[in-house]
Every structure is written in C-alpha cells, then in structure tokens.
Amino acid sequence: MAIIQFNKPDLANIRPQNIRQRAKNSLLVIICGIVGFAGGLLGAQVNNHGGIKTATTAQKQQYVSSESQLIAEIAKEVGASVVSIDTSSETNVTDIFGFVFPQRQSGAGTGFIIRDDGVIMTNRHVVPAGTQKVSVTMSDGTRYTDVEVLGRTAQTNSLDVAFIKIRDLKDKKLPAVTLGDSAKMQVGDRVIAIGNALGQFQNTVTAGIISGHGRDVVAGDQGGNTENLTDLFQTDAAINSGNSGGPLVNINGEVIAINTAIAGGAQNIGFAIPINDVKGLVNGVLSTGQLKQPYLGVRYVSLTDDLAYQNNLDVTRGAYIVPSDDNSSVVANSPAQKADLKEKDIITKVNDISIDDKTSLTSALSQFKVGEKVKLTVIRGNETITVDATLEAAPNE
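Here is the structure:
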C-alpha cells in the first residue's frame, strides 16, 4: 500500500484486519503499485460428446482472438490517459557518527488523467509528503516537468489517494478516462490493469478478474510502518513495483478501481481501491481545485458473516465501530462524537444508502460534501436508532 520507496521494490507486511488487533497473521506485501493480472479464456461455446462438454481448437482460438482484440482496443484507448510519474525528494539522514546530512531520493509510479486540463489521480504513496519535484510522462513520450500536487489524503486515512496537475499545457487538451461504477463489479468480472511496471516499463498491460471485494488489510514496509486499507477489490494481479496509482479497468473501458497494493508472499493477490470510494474526492478536486474529504470520525470494520459470528452480532452487514482499549474508536471532537455515536454501534445506512458488502461506509460518505448533514441508521444493542451528523473536512496530514 502506501509506504514504499519505488526506486527499489521493497517487501512489506499485509494482514487481514482483526476487530481488536490488526497486527497478526501477516502476509508479505509490496506496497507498490499493483496491477495486473493473469489472463483467462472468456466462456466458450461447447460441443456435447457423450455428456462431456468440450471446445474445439478452432473455437478456443476464436475466443482467445476475440478477447485479445478487446483487451488491445481497451489498452489503446485507456492507455493514452495513463501516465508515468517520477518524483524526487530530499530527506535528512543521520550517519553512525550522529551527523545529519541531506539525501535525495527518487521514486516512480503511475497515474491517470481525470480531466482534459491535466488533473491526474494517483496514490498518496506515489507523491508522499516531502516530495519536491514531480514530472509526468505521457504514453506518447511527451514529458511535463511543471507539475503541482493538489493534495493527498492524510497518512492515517484508509484511502491512499492523491491528485496532481500539469500546470501549463499551452491550451492543449489531454485524453481523460471514463469513471465507471465499482458497485456493479462482481467476483469473476474481467478487468484490465495498466501501469508503469517496475518504474521503467511504461504502460504495461495485464488482464485478469475480480477475485474478491470488501477486503480490509494492513500494509507496511520493512521499516515497520503500517497503514490500514479498507474496502478493497482483490484481483489476481501479476503485480509489479511502480504500478501504484494506475487504473483497473472493466471490459467497457471504464476505470473501476485504483491499483494500490500486492501480497508479495502469495501468488496473484493484488488490491485496488474501488472508484466509488473516491468519487466524492474527485468531484471536490475538479470543482474547487482542493482536496477535501467528508469526515465522520469513526474507526470501523465492514461486517461479514465471519466477523459477525466472531463478535456475537445478529447483524451481518454494516460498519461496526470497533471497541478499543483507549476509547479512540470515536474520534474526539469529530462529527461522530458530536452525533453521540458509540463503540459497538453498527451503522447500516447513510441517508438511503445501505452499508453492505458492495458499499462501505467510506464509499457511502464519499457521495456527500463537506458541510452536508446526513442521517445515520444505527443499531445499538437491540434497538435501531437514527442520528444526524454534519460532515466536516478530514485532516489532510
């Protein structure tokens, strides 16, 4: 996920989030950039011989050819909107004698154009705090060096997202992607990933399927830093460092997720942020030029059948405000505290939007603006109540 130096493919730990404790049962993860995935055949028509269904070689070749052509067309169309991002930063390093000296670092990642005037979406860890210079290279080789960071989500925020903008296009219009509806994606749906593999192989294209959704993981680097990522798509991605921030695309050529992390100790397990979770941020950036995320102020997990069983809950879907030893699951002075939300509350709706395995609390809140009042449907113990909360701007750092 988000804390990696892209000039070298570091490995990091990733763990399924536990309600009380998220620091066990680790998998190695590269917080890099994700993406891709192994191909497979589309469903084939078959002949029935003695009750066993088989496909002829000619039929198989036909389906492979058709799929290959579709992927090629999508890669060509969407690839024009995918950019390689190079960054440089300077940090202070202390040597063994205690002397502090500056050290320059470089990184590489991926992004995609969301508006024709040069606004680009990527991962926060592609352009982390401290980044001094950013350059963008288009698929045709055109390079822009006058690039500004419009904003990035806070390091503690589960959405690993940032926005950058090319400052002077000299009235040139760039090709922008089309954003799809991630809520419509089903396990098994075909997807295509495009990214700057290993920070040097620009617009690498891979293909696969959605392997799962609603994944909550903890990702970290070898330095012991960790970040929580929630409500992720899982894809059978052939992952490479440098693909972070690239688009995951459906067969209609629409971006349905942002490639973000991979499980380095496993085969073809990658993770991507559903695009619906960030549409509110996109709308805010495009309308104001600033990144302002609606903020409720709770620490939660998305309920599944297993989590509900483990915690003796009758409700199996919703945002469960996890108990904590220091009572920090409802953030002090947050809209949630002002609305009197409590630990062990289960938020099942935001206005008329149900919180379920397709729509997380984060995704639902992203559809509203800072300053808007929302009605939350909450299960508390054996009763269902409604509370009003006025959303505030999430802290940026």
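Quick note: the sequence shown uses this note's numbering, first residue 34, plus one each step. The beta-carbon is built from N, C-alpha and C at its ideal position, and this holds for glycine as well.
Kindly give me the distance between the Cβ atoms of Leu192 and Val311, rounded to whole angstroms, as I take these residues to be in contact under 8 Å. The residue labelled residue 192 in the question sits at position 159 within the sequence shown. The residue labelled residue 311 in the question sits at position 278 within the sequence shown. Between Val311 and Leu192 the Cβ distance is about 6 Å, and since that is below 8 Å, they are a contact.
For the alpha helix (DSSP H) containing Ser114, list its first residue and its last residue. As a working mapping, residue 114 is identified with position 81 in the sequence shown. Ser114: not part of any alpha helix (DSSP H); DSSP gives it neither H nor E.
When the Cα atoms are used, what is the spatial distance from Ile104 to Ala352? If you number the sequence shown from 1, residue 104 lands on position 71. If you number the sequence shown from 1, residue 352 lands on position 319. Rounded to whole angstroms, the separation of the alpha carbons of Ala352 and Ile104 is 37 Å.
Where does the unbroken alpha helix (DSSP H) through Ala341 begin, and where does it stop? Locating residue 341 in the sequence shown gives position 308, counting from the first residue. Per DSSP, Ala341 belongs to the alpha helix (DSSP H) from 338 to 343.
Own chain, CB closer than 6 Å to Pro428, minus 5 neighbours either side, in chain order: For the purposes of this step, residue 428 is identified with residue 395 of the sequence shown, where counting begins at 1. Its chain contains Ala187 as the residues whose beta carbon lies nearer than 6 Å to that of Pro428, once the 5 sequence neighbours on both sides are disregarded; these appear in chain order.
Pairs of beta-carbons, one from the region 335 to 342 and one from the region 389 to 398, closer than 8 Å: are there three or more? Judged by Cβ distances under 8 Å, the region 335 to 342 makes contact with the region 389 to 398, as three or more pairs qualify.
Kindly list the residues whose CB is nearer than 7 Å to the CB of Thr127, restricted to its own chain and excluding five residues on each side of it in sequence; keep chain order. Counting from one through the sequence shown, the residue named residue 127 turns up at place 94. Close CB contacts of Thr127 within its chain, under the 7 Å cut and outside five residues either way in sequence, are with Val133 (chain order).
Between the Cα of Asn375 and the Cα atoms of Ile388, Asn344, Asp347, Ile412, which residue gives the shortest distance? By 1-based counting over the sequence shown, the position of residue 375 is 342. First, the residue type needs correcting, since residue 375 is Lys and not Asn in the sequence shown. The shortest CA-to-CA distance from Lys375 to any of Ile388, Asn344, Asp347, Ile412 is the one to Ile412.
Ser139 - containing beta strand (DSSP E), residue span: The residue given as residue 139 occupies position 106 in the sequence shown. Counting along the chain, the beta strand (DSSP E) containing Ser139 begins and ends at 133 to 148.
Taking 9 Å as the cut-off, decide whether the C-beta atoms of Asp179 and Arg148 are in contact. Taking the sequence shown and counting its residues from 1, one reaches residue 179 at position 146. Taking the sequence shown and counting its residues from 1, one reaches residue 148 at position 115. Their beta carbons are not under 9 Å apart, which means Asp179 does not touch Arg148 by this criterion.
Within the region 141 to 211, note down every full beta strand (DSSP E) run reaching 3 residues or more, in order along the chain. Inside the region 141 to 211, DSSP marks whole beta strand (DSSP E) runs of 3 or more residues at positions 152 to 155, 164 to 170, 180 to 185, 195 to 199, from first to last along the chain.
Counting only the same chain and skipping the five closest in sequence on each side, list residues whose C-beta sits under 6 Å from that of Thr410. Mapped onto the sequence shown, residue 410 falls at position 377. Taking Thr410 as the centre and dropping the five residues before and after it, the same chain places the C-beta of Thr381, Lys382, Thr419 closer than 6 Å to its C-beta, in chain order.
Quick check for students: name the residue ranges of the alpha helix (DSSP H) that lie wholly in the region 303 to 352, counting only runs of 4 or more. The qualifying runs are 312 to 321, 338 to 343.
Can you grab the Cα-Cα spacing for the pair Asn301 / Gly245, in whole Å? Working through the sequence shown from its first residue, we reach residue 301 at position 268. Working through the sequence shown from its first residue, we reach residue 245 at position 212. One C-alpha to the other measures close to 12 Å.
Compare the C-alpha of Asn156 against each of Gly140, Met171, Pro135 and name the closest. Along the sequence shown, read from residue 1 onward, the residue named residue 156 stands at position 123. Of the candidates Gly140, Met171, Pro135, the one whose C-alpha sits nearest the C-alpha of Asn156 is Gly140.
Can you give the Cα-Cα distance for Thr237 and Met154, rounded to whole angstroms? Mapped onto the sequence shown, residue 237 falls at position 204. Mapped onto the sequence shown, residue 154 falls at position 121. Computed Cα separation, rounded: 18 Å.
Which first and last residues belong to the beta strand (DSSP E) in which Thr419 is found? The residue you call residue 419 lines up with position 386 of the sequence shown. Per DSSP, the unbroken beta strand (DSSP E) holding Thr419 starts and ends at 416 to 423.
Buried or exposed: where does Ser399 fall if 16 or more other Cβ atoms within 10 Å of its Cβ makes it buried? As a position in the sequence shown, residue 399 is number 366, starting the count at 1. In the assembly as shown, Ser399 is a buried residue. Its beta-carbon has 16 or more other beta-carbons within 10 Å.
Is it a yes or a no for the region 112 to 127 touching the region 156 to 165, going by three-plus beta-carbon pairs under 8 Å? The answer is yes - the region 156 to 165 touches the region 112 to 127, with three or more Cβ pairs under 8 Å.
Looking only at its own chain, which residues have a Cβ that is under 8 Å from the Cβ of Gly221, when we skip the five neighbours before and after it? Numbered from 1 along the sequence shown, position 188 holds the residue referred to as residue 221. Spatial neighbours of Gly221 in its own chain (CB-CB distance under 8 Å, excluding positions within 5 residues in sequence) are listed in chain order as Ile242, Ile243.
How close, in whole Å, do the beta carbons of Arg176 and Val160 come, if the pair is a contact with beta carbons under 8 Å? By 1-based counting over the sequence shown, the position of residue 176 is 143. By 1-based counting over the sequence shown, the position of residue 160 is 127. Not confirmed; about 16 Å, so no contact.
Evaluate Ala369 with the Cβ neighbour count: other Cβ atoms within 10 Å of its Cβ, from every protein chain shown; 16 or more gives buried, anything less gives exposed. Your numbering for residue 369 matches position 336 in the sequence shown. It is buried - the Cβ of Ala369 has at least 16 other Cβ atoms within 10 Å.
If you drop the 5 nearest sequence neighbours on each side, which residues of the same chain put their C-beta closer than 6 Å to that of Ala56? Here residue 56 is taken as the residue at index 23 of the sequence shown, counted from 1. At Ala56 the pLDDT is 33, less than 50, meaning the model places this residue with poor confidence; the figure from the coordinates comes in the next sentence. Around Ala56, the same chain offers no residue with a beta carbon nearer than 6 Å, after the five sequence neighbours per side are excluded.
When DSSP labels each residue in this structure, what does Pro428 get in the three-state scheme? For this step, residue 428 is matched to residue 395 along the sequence shown. Of the three classes helix, strand and coil, the one that applies to Pro428 here is coil, per DSSP.
What does a CB cutoff of less than 8 Å around Val348 pick up in its chain, not counting 5 residues either side in sequence? Translated into positions along the sequence shown, residue 348 becomes position 315. Around Val348: Leu336, Ala341, Ile379, Thr381, Ile412.
Going by Cα to Cα distance, which pick from Ala113, Leu262, Leu212 is closest to Lys206? Position 173 of the sequence shown holds residue 206. Of the candidates Ala113, Leu262, Leu212, the one whose C-alpha sits nearest the C-alpha of Lys206 is Ala113.
Rounded separation between Gly72 and Ser168 - CA only: As a first step, residue 72 is located in the sequence shown; it is residue number 39 there, counting from the start. As a first step, residue 168 is located in the sequence shown; it is residue number 135 there, counting from the start. Interpretation of Gly72 is limited by its pLDDT of 36, a score under 50 that renders its predicted location unreliable; the figure taken from the coordinates is listed afterwards. If I take the Cα positions, the gap works out to 32 Å.
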